[in-house]
Amino acid sequence: MALKIITANKVKNGAVVYLSAEKWSEQINDSAISSSEKEEKKLEEEAKKSVETQIVIDPYLIEVTQKNGNIVPTRYRELIRAKGPTTDPKLKKNN
């Protein structure tokens, strides 16, 4: 089974965030990783609570790999979301 994490956007400012073991983080490497359907369901339930309390919007699972100790999305769209905008180098995230 593929490794997956949950991503969403903060309600407060629209920032891309990732569900970690304790909270939502803007750093993808803080993500809680699932490797089974049971773990995926647990992460989805936690994300749903954050939607209900209006912390995040539109949480969803994404497939990732691990390279050199880092979490890397497998889809280009998610890689862009993780690294920041592609239009201006000054806007790039420091992760």
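Heads up: the sequence shown runs through residues 3 to 97, numbered per my numbering.
Cβ coordinates follow ideal geometry from the N, Cα and C atoms, glycine included.
Closest by CA to residue 38, which one among 7, 11, 58? Along the sequence shown, one-based indexing puts residue 38 at 36. For the residues 7, 11, 58, the minimum Cα distance to residue 38 belongs to 7.
C-beta contact flag for residue 36 and residue 63 at 9 Å: Within the sequence shown, the letter at position 34 stands for residue 36. Within the sequence shown, the letter at position 61 stands for residue 63. Their beta carbons are under 9 Å apart, which means residue 36 touches residue 63 by this criterion.
Does residue 78 pass the burial test, meaning 16 or more other C-beta atoms within 10 Å, or should it be called exposed? For the purposes of this step, residue 78 is taken as the residue at position 76 of the sequence shown. By the 10 Å Cβ count, residue 78 comes out exposed.
Residue nearest to residue 12 in terms of C-alpha spacing, selected from 65, 42, 57: Here residue 12 refers to the residue found at position 10 when the sequence shown is read from its first residue. Among 65, 42, 57, the Cα nearest to that of residue 12 belongs to 57.
For residue 80, count neighbouring Cβ atoms within 10 angstroms of its own Cβ and tell me buried if that reaches 16, exposed if not. Position 78 of the sequence shown, counting from 1, holds the residue named residue 80. Flag for residue 80 reads buried.
What is the rounded straight-line gap between the Cα of residue 41 and the Cα of residue 85? Residue 41 sits at position 39 when you count from the first residue of the sequence shown. Residue 85 sits at position 83 when you count from the first residue of the sequence shown. Those two C-alpha atoms are separated by around 25 Å.
Residue environment, residue 76, which counts as buried when at least 16 other CB atoms sit within 10 Å: Counting from one through the sequence shown, the residue named residue 76 turns up at place 74. Per the 10 Å Cβ criterion, exposed.
Can you check DSSP and say which residues form a bridge with residue 33? On the sequence shown, position 31 is the one that residue 33 refers to. Looking at the DSSP assignment, residue 33 forms a beta bridge with 22.
Could you have a look at residue 102 and say whether DSSP puts it in helix, strand or coil? Since the first residue shown for the chain is 3 and the last is 97, residue 102 is missing from the structure and cannot be characterised.
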